[in-house]
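Peer 1: Under my numbering, the first residue of the sequence shown is numbered 11, with each subsequent residue one higher.
Beta carbons are placed, not taken as given, at the ideal position from N, Cα and C, and that holds for glycine.
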Amino acid sequence: MSSYLGLFLYLLLFTATNTFGEEYIVRAKDLADVPGTILKKIDRNTYLVELESLPVGLKSLSTGTLIEKNYKLWALNAPNDPCLQARWDLNFIRAYQAWDISTGSRTIYVAVLDTGVDYSNPDLKDNVWKNPDEVCGNNIDDDGNGYVDDCYGIDVANGDSDPMDDNGHGTAIASVIGAVGNNETLIAGVNWSVIIIPCKFLDSSGGGTIAGEIECLNYILNLKRNKGLNIVAVNASYGNVYPDSEIQREKIRELANEGIMYVTAAGNEGANNDLISMNPCNYDLDNMLCVGSVNSTGDRSGFSNYGFNKVKLSAPGENILTLENNNSGSSCSDLTSLSGTSFSTPFVTGAVALFKSTYPLSSYTEVKKHLLTTGRNNLSLSGQTYTCNILDLYSLMNGAVSPKVCASTLSLDWGDVQECTTVEKELIIRNTGNQRVQVANLYLEGGGFLLTKDGCSGRLLDTFEECSVFLAFSPGGSGDYTGSMYIHFSDSGLDFSVSLHAASSSSCGKSGGCTTGNPWVAFIPVLVFLRLLTRLRRR
Numbered sequence: 011m012s013s014y015l016g017l018f019l020y021l022l023l024f025t026a027t028n029t030f031g032e033e034y035i036v037r038a039k040d041l042a043d044v045p046g047t048i049l050k051k052i053d054r055n056t057y058l059v060e061l062e063s064l065p066v067g068l069k070s071l072s073t074g075t076l077i078e079k080n081y082k083l084w085a086l087n088a089p090n091d092p093c094l095q096a097r098w099d100l101n102f103i104r105a106y107q108a109w110d111i112s113t114g115s116r117t118i119y120v121a122v123l124d125t126g127v128d129y130s131n132p133d134l135k136d137n138v139w140k141n142p143d144e145v146c147g148n149n150i151d152d153d154g155n156g157y158v159d160d161c162y163g164i165d166v167a168n169g170d171s172d173p174m175d176d177n178g179h180g181t182a183i184a185s186v187i188g189a190v191g192n193n194e195t196l197i198a199g200v201n202w203s204v205i206i207i208p209c210k211f212l213d214s215s216g217g218g219t220i221a222g223e224i225e226c227l228n229y230i231l232n233l234k235r236n237k238g239l240n241i242v243a244v245n246a247s248y249g250n251v252y253p254d255s256e257i258q259r260e261k262i263r264e265l266a267n268e269g270i271m272y273v274t275a276a277g278n279e280g281a282n283n284d285l286i287s288m289n290p291c292n293y294d295l296d297n298m299l300c301v302g303s304v305n306s307t308g309d310r311s312g313f314s315n316y317g318f319n320k321v322k323l324s325a326p327g328e329n330i331l332t333l334e335n336n337n338s339g340s341s342c343s344d345l346t347s348l349s350g351t352s353f354s355t356p357f358v359t360g361a362v363a364l365f366k367s368t369y370p371l372s373s374y375t376e377v378k379k380h381l382l383t384t385g386r387n388n389l390s391l392s393g394q395t396y397t398c399n400i401l402d403l404y405s406l407m408n409g410a411v412s413p414k415v416c417a418s419t420l421s422l423d424w425g426d427v428q429e430c431t432t433v434e435k436e437l438i439i440r441n442t443g444n445q446r447v448q449v450a451n452l453y454l455e456g457g458g459f460l461l462t463k464d465g466c467s468g469r470l471l472d473t474f475e476e477c478s479v480f481l482a483f484s485p486g487g488s489g490d491y492t493g494s495m496y497i498h499f500s501d502s503g504l505d506f507s508v509s510l511h512a513a514s515s516s517s518c519g520k521s522g523g524c525t526t527g528n529p530w531v532a533f534i535p536v537l538v539f540l541r542l543l544t545r546l547r548r549r
C-alpha cells in the first residue's frame, strides 16, 4: 500500500487550467526574438517572461522560437487513510486525480435523508453538522425552529430531534459522500471535507413515508432560508413503485428555488423504470438526477433498475466499502461492503458537493449538465440510461470536453413476423457529450430489413438532442434473419453498430406467395380494376 500511495504522492500531474499569472516560457535562438519582460533565464535558449497576453501573431515570431504558457504542476493528492486500497470505486471514478483539484470544503452542506447518521463515528463526526444555535441537552428549543435539541438534525421517524442511525444504511451513505479524508483513519469519502446534515425519516427497518420525507425537506429548506447554510444537494437513496405524488413532486421542485439538487436512486429490482412508476426517480425534474449502478467493469449491475429516459447517470454500486453503524473500530475489518443503487447515489451527491467547492457560482442546472456530459461513455449502457455515461470525477472537475452518444438499443429484435406483413421499429440516437456531433451516414445490411425513414444522416446534434431512424422487416419466406445497421459519425471514434434479428415461421396462406414490403401493395391491382370499372360505367 505504501508504494501505491507513494506513487500518487510523488507523481506530478500536468494540468492545463492553472498558470502563473501572465508568465510564459520562451525558447529562442536569438535573445532579440524573446518578447515581453524577461524574468529569468532557465537555460541557454529558454527564458521565463512576463507578457500582458499571448501574442496573437505567433507566426510573426522567428522560425524556431516557441512560446508557451507557464503551466502549473501539482503533486497528485492521495489521502493517508489506511483502507483505501480496497476501494475500487474511487479509482474507477478517478477520484485521486480529482482530489488534486479539490478535496472538498466545509462551507458546502449536503443533506442525507435516510435512517439517520452515526454522528459519533470517528471517521465521520468532523464532517457532520452540529447546530451552533442549540444548547444540546437543555430540553429547550434554543433557536426557535420548532425542534427541541436538534443538535445534529431531526428524527421524523420517531418524533424526536436525535437523528442517530439505528439501521446503518444512512451512515454508509454519509461515508461515501464525506468520510473524513487524510486523517489516517479507515477510508475517505468523495469529499474529504464537507458538512453532512442528517434527517432521519426512515425507521430501523428502512421504511418511511412521503409525509416524513416532506417534513425533512421542510427542515432542510428552513436551514437554508433561515440560517443561510450553503446546502447544495439532498441525497435520497430510497424509493418505491407507486402513483406519482404531486405533493412530493412539488416539494422536490421547491428545492430548486433554493439552488438545491435532489439525487435519488434508480431501484434494485432490475426493472425498466421507463415502464413502471418508480418514484421519486421518475419525476424527472430539472433539479433531479436518478442514478443507476455499475460494477467494476462498467456494466450495469444485474440488480440495478434502468431506463433510457428515466435513469440519467451511472456510478459504482457493487461491493462498496463503507463505515459501519455504531462501530468506532479503527481496523479495516470494521468496515462493511454493501451493494445497491442506494450506494451509487451518494457518489453523485458527493460529486455535486465537490464541484460546488471549486465552482461555487454554478447553478444547479449547470452542475447537472456537467455531471451528465463529462461522464465516461459506455455504449453498452444503450437503452439502460439517458446518457450511457458513468460518473467521472476528474473529468467533471477539470471540465473535460469530448463527444459522446447513446442509443435506445444496440440490438433490434422483431421476434416472429408472419409473411406478407411489415413491422417497423425505431432507433433513437442521442448526443450525451458536451460538444456537437454529426451523424455522417448509415449503412444497412441483411435481407428482409429496410430503412424506411432516416432522420439522422447529415444531422448535427447539440447536447441532449436526438434523431430517429425507422427500420422495417418484411420476411420473404420462413426462417431466421440477421443483419446490421452501421452508424457512422464525422468523428469516427463514435461509430457503432446495431444488430438486427427477426424470424418468420408462419405463412400468409397464399398459394402464390406474397409481396414483401408494404402490405398495401397487394391491393394495387384491385384498386386499378375498380377505377377502370368506374370509368366504363361513366361512359
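Give me the residue from I438, E60, L460 and G456 with the minimum Cα distance to R469.
Peer 2: Within the sequence shown, residue 469 is the residue found at index 459, counting from 1. Here the closest residue by C-alpha is I438.
Peer 1: Tell me which residues share the same chain as D165 and place their Cβ nearer than 6 Å to its Cβ, disregarding the 5 neighbours each side in the sequence.
Peer 2: Looking up residue 165 in the sequence shown gives position 155. Within the same chain, D165 has close Cβ partners D172, P173 and K210.
Peer 1: I believe D153 touches N141 by the beta-carbon criterion, under 8 Å. Please report the beta-carbon distance rounded to the nearest angstrom.
Peer 2: For this step, residue 153 is matched to residue 143 along the sequence shown. For this step, residue 141 is matched to residue 131 along the sequence shown. Yes, they are in contact, since the Cβ atoms of D153 and N141 sit about 7 Å apart, within 8 Å.
Peer 1: Here's the rule I'm using: 16 or more other beta-carbon atoms within 10 Å means buried, otherwise exposed. How should S215 be labelled?
Peer 2: What you label residue 215 is simply residue 205 of the sequence shown in a count that begins at 1. It counts as exposed.
Peer 1: Pick helix, strand or coil for F318, following the three-state DSSP scheme.
Peer 2: By one-based count along the sequence shown, residue 318 stands at place 308. If DSSP states are grouped into helix, strand and coil, F318 belongs with coil.
Peer 1: Using alpha carbons as the reference points, say which of N55, V59, A42 and R54 lies closest to I48.
Peer 2: Taking the sequence shown and counting its residues from 1, one reaches residue 48 at position 38. The shortest C-alpha separation from I48 is found at V59.
Peer 1: Using DSSP with H/G/I as helix, E/B as strand and the rest coil, what is C430?
Peer 2: The residue you call residue 430 lines up with position 420 of the sequence shown. Here C430 sits in coil by DSSP.
Peer 1: How is Q258 classed by DSSP in three states: helix, strand or coil?
Peer 2: Counting from one through the sequence shown, the residue named residue 258 turns up at place 248. Three-state DSSP puts Q258 in a helix.
Peer 1: Which two residues bound the contiguous alpha helix (DSSP H) that contains L323?
Peer 2: Within the sequence shown, the letter at position 313 stands for residue 323. Note, L323: premise wrong, no alpha helix (DSSP H); beta strand (DSSP E) at L323 to P326.
Peer 1: When the Cα of N177 is compared with those of G489, V127, T75 and G465, which residue comes out closest?
Peer 2: Translated into positions along the sequence shown, residue 177 becomes position 167. Here the closest residue by C-alpha is V127.
Peer 1: For a test of the three-state rule: what should DSSP assign to K135, helix, strand or coil?
Peer 2: Position 125 of the sequence shown holds residue 135. Helix.
Peer 1: Are P208 and G249 touching if we call contact CB-CB under 7 Å?
Peer 2: The residue labelled residue 208 in the question sits at position 198 within the sequence shown. The residue labelled residue 249 in the question sits at position 239 within the sequence shown. No.
Peer 1: Whole-angstrom Cβ separation of N292 and Y374, contact assumed at under 8 Å?
Peer 2: For the purposes of this step, residue 292 is identified with residue 282 of the sequence shown, where counting begins at 1. For the purposes of this step, residue 374 is identified with residue 364 of the sequence shown, where counting begins at 1. Actually they do not touch by this definition, with Cβ atoms about 19 Å apart.
Peer 1: According to DSSP, G308 sits in a beta bridge with which residue or residues?
Peer 2: Counted from its first residue, the sequence shown places residue 308 at position 298. Looking at the DSSP assignment, G308 forms no beta bridge with any residue, so it has no partner.
Peer 1: According to the neighbour-count rule (16 or more other Cβ atoms, all chains shown, within 10 Å of its Cβ), is T219 buried or exposed?
Peer 2: The residue given as residue 219 occupies position 209 in the sequence shown. So T219 ends up on the exposed side.
Peer 1: Is it the case that the Cβ atoms of Q107 and Y404 are separated by a distance below 7 Å?
Peer 2: If you number the sequence shown from 1, residue 107 lands on position 97. If you number the sequence shown from 1, residue 404 lands on position 394. Cβ distance < 7 Å, so Q107 and Y404 count as in contact.
Peer 1: Which one or two residues does DSSP pair with L461 in a beta bridge?
Peer 2: Residue numbering aside, residue 461 sits at position 451 when the sequence shown is read from its first letter. BP columns for L461 point to L481.
Peer 1: In the DSSP assignment, find the alpha helix (DSSP H) that holds N236 and state where it starts and stops.
Peer 2: Along the sequence shown, one-based indexing puts residue 236 at 226. Residues I220 to K237.
Peer 1: Sorted by chain position, which residues of the same chain lie with C-beta nearer than 8 Å to N315's C-beta, five sequence neighbours on each side aside?
Peer 2: Walking along the sequence shown from the start, residue 315 turns up at place 305. The answer, listed in chain order, is A276, G277, N278, E279, G280, A281, N282, N283, M288, C291, G302, V321 and T351.
Peer 1: Specify, as a first and last residue, the run of the alpha helix (DSSP H) that N408 falls within.
Peer 2: Residue 408 sits at position 398 when you count from the first residue of the sequence shown. Where N408 is concerned, the enclosing alpha helix (DSSP H) stretches over L403 to N408.
Peer 1: Contact between the segment 458-467 and the segment 406-417: three or more CB pairs below 8 Å?
Peer 2: Touching, no, given that fewer than three Cβ pairs across the two stretches are closer than 8 Å.
Peer 1: Mind checking who R386 pairs with in its DSSP beta bridge?
Peer 2: Within the sequence shown, residue 386 is the residue found at index 376, counting from 1. Note: R386 sits in a beta bridge opposite I400.
Peer 1: Is it true that the CB of T355 sits closer than 7 Å to the CB of N399?
Peer 2: One-based indexing of the sequence shown puts residue 399 at position 389. One-based indexing of the sequence shown puts residue 355 at position 345. No, Cβ-Cβ distance for N399 and T355 is not below 7 Å.
Peer 1: Under a three-way DSSP split, which group does G169 fall into?
Peer 2: Here the question's residue 169 lines up with position 159 in the sequence shown. Note: G169 maps to coil in three-state DSSP.
Peer 1: Quick one: what's got a C-beta closer than 7 Å to Y272's C-beta in the same chain, skipping five residues either side?
Peer 2: By one-based count along the sequence shown, residue 272 stands at place 262. Hits under 7 Å: V244, A246, I262, L265, N297 and M298.
Peer 1: If I measure Cβ to Cβ from D426 and keep anything under 6 Å in the same chain, skipping five residues before and after, which residues do I get?
Peer 2: Sequence index remark: in the sequence shown, residue 426 carries index 416 (1-based). Answer for D426: A513 and S515, listed in chain order.
Peer 1: Helix, strand or coil: how does DSSP classify C209 here?
Peer 2: Position 199 of the sequence shown, counted from the first residue, corresponds to residue 209. In the structure shown, C209 sits in a strand (DSSP, three-state: E or B).
Peer 1: In the structure shown, what three-state DSSP assignment does L391 receive?
Peer 2: To locate residue 391, count along the sequence shown from 1; it is residue 381. The answer is helix: DSSP assigns L391 an H, G or I state.
Peer 1: In chain order, what residues of the same chain lie with their CB nearer than 6 Å to the CB of Q574, ignoring the 5 residues before and after it?
Peer 2: Given that the chain is displayed from residue 11 to residue 549, the structure contains no residue 574 and the question cannot be resolved.
Peer 1: If you drop the 5 nearest sequence neighbours on each side, which residues of the same chain put their C-beta closer than 6 Å to that of P485?
Peer 2: Reading the sequence shown from its first residue, position 475 is the one you call residue 485. The residues are V427, E429, G458 and S514.
Peer 1: So K50 is in the beta strand (DSSP E); what residue range does that whole segment cover?
Peer 2: Your numbering for residue 50 matches position 40 in the sequence shown. Its beta strand (DSSP E) spans residues T47 to D53.
Peer 1: Grouping DSSP H, G and I as helix and E and B as strand, with all else coil, what is Y34?
Peer 2: To locate residue 34, count along the sequence shown from 1; it is residue 24. Three-state DSSP puts Y34 in a strand.
Peer 1: Decide yes or no for the touch test of the segment 448-463 against the segment 491-500: beta carbon pairs closer than 8 Å, at least 3 of them.
Peer 2: These segments touch.
Peer 1: Is it buried or exposed, T117, if we count other Cβ atoms within 10 angstroms and call 16 or more buried?
Peer 2: Stepping through the sequence shown from its first residue, residue 117 is reached at position 107. Under this definition T117 is an exposed residue.
Peer 1: Given this structure, state the Cα-to-Cα distance separating Y369 from T113, to the nearest angstrom.
Peer 2: Within the sequence shown, residue 369 is the residue found at index 359, counting from 1. Within the sequence shown, residue 113 is the residue found at index 103, counting from 1. If I take the Cα positions, the gap works out to 13 Å.
Peer 1: What does a CB cutoff of less than 7 Å around S367 pick up in its chain, not counting 5 residues either side in sequence?
Peer 2: Counting from one through the sequence shown, the residue named residue 367 turns up at place 357. Only S112, G114, S115 and I118 meet the Cβ criterion.
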